[in-house]
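Per our numbering, the sequence shown starts with residue 16, numbered consecutively.
Just so it is clear, CB atoms sit at the ideal spot from N, CA and C, and this is done for glycine as well.
Data first, discussion second: the structure below is written as structure tokens.
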Amino acid sequence: MKILVTGFDPFGQDTINPALEAVKQLPNEILGASIIKLEIPTMFHQSANVVNLAIQQHQPDIVVHIGQAGGRFGITPERIAINLDDARIADNSSQQPIDQLIAENGPAAYFSQLPVKAMVANMQEVGIPATVSNSAGTFVCNHIMYQTLHYCQMNYPQIQSGFIHVPYLPQQVADKASLPSMDLKTIVQGLVISIETIITYQGHADIKTVGGSLH
């Protein structure tokens, strides 16, 4: 089994991205599966081009995108990606699409193909803060999650994919005491547990437990 794991480069005012730093520290093999690590640009269209080429080159069984969600307390596997770009800030190529469809003829949304509830449960079991997220936002993270699900649906329907958001690192909030963070070692541990869960749940349905929210 081959798993492509991507991490975004820094964006906005940040000089580091916990997603990329965590991906770099992942082992090269997890439960016998080869882990292919890929840095991708925080740019709407370029990110999809890089990922699509990597899918063509490596022919992975699973694609897992990792991104930064500053302000979140825990690791949050994303349940759904929507067919909409609505950027609050410009990406790293100064593009700021507003109210634009990602795929003109694509569905309104795609659900993650990963066992997000089991991933959360297994992280929580070892004390790592984690919850299911029901919104990946409308920036590049949602864009690449949707793009990959759509691209694979159209071209490689056997490939599963999904997205995981991670919190800020402590050094990113040193001057922002009110914002939550998580140390890199814990983020890496959470991602390893998530990938182990993805592997062990191949051919099995996700667990039935509450993962919703009131708002």
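Given a threshold of 16 other Cβ atoms within 10 Å of its Cβ, counted over all protein chains shown, does residue i qualify as buried or as exposed?
{"i": "V225", "result": "exposed"}
{"i": "S193", "result": "exposed"}
{"i": "D198", "result": "exposed"}
{"i": "R103", "result": "exposed"}
{"i": "D47", "result": "Looking at the sequence shown, residue 47 is not Asp but Gly. So G47 counts as exposed."}
{"i": "K132", "result": "buried"}
{"i": "Q217", "result": "exposed"}
{"i": "H165", "result": "buried"}
{"i": "V220", "result": "For clarity, residue 220 is Ala in the given sequence; the question names Val instead. Answer is exposed; the Cβ neighbour count stays below 16."}
Compare the Cα-Cα distances from residue i to each of the options and report the closest residue.
{"i": "I51", "options": "N107, K39, T215", "result": "K39"}
{"i": "E119", "options": "A48, A136, N98, S108", "result": "N98"}
{"i": "S109", "options": "L68, F88, Q61, P130", "result": "Q61"}
{"i": "D113", "options": "Q187, E140, S176, G152", "result": "Note on residue identity: the sequence assigns Ile, not Asp, to residue 113. For the residues Q187, E140, S176, G152, the minimum Cα distance to I113 belongs to G152."}
{"i": "S228", "options": "N43, A69, S150, G177", "result": "S150"}
{"i": "H230", "options": "I55, S148, K223, Q175", "result": "S148"}
{"i": "I45", "options": "T215, H219, A220", "result": "T215"}
{"i": "S49", "options": "E211, A96, K223", "result": "E211"}
Between residue i and residue j, how many whole angstroms is the CB-CB distance? I'm expecting something under 8 Å.
{"i": "P92", "j": "M160", "result": "Not a contact, Cβ separation roughly 11 Å."}
{"i": "M138", "j": "G205", "result": "5 Å"}
Beta carbon of residue i: closer than 6 Å to some heavy atom of the ligand MN?
{"i": "I97", "result": "Only the bare structure without any ligand can be found here, which leaves the ligand MN out of the picture."}
- In chain order, which continuous runs of the alpha helix (DSSP H) of length 4 or greater are located wholly inside the region 91-167? Runs found: 131-140.
- Message: Using 8 Å as the cut-off, can you tell me whether the region 68-84 makes contact with the region 21-30, which would need three or more C-beta pairs spanning the two stretches below that distance?
- Response: yes
- Query: How do the region 174-184 and the region 23-33 stand: do at least 3 beta-carbon pairs fall below 8 Å, yes or no?
  - Reply: yes
- Segments of 4+ residues assigned as alpha helix (DSSP H) that fall wholly inside the region 49-78: With a minimum length of 4 residues, the continuous alpha helix (DSSP H) runs that stay inside the region 49-78 are 59-73.
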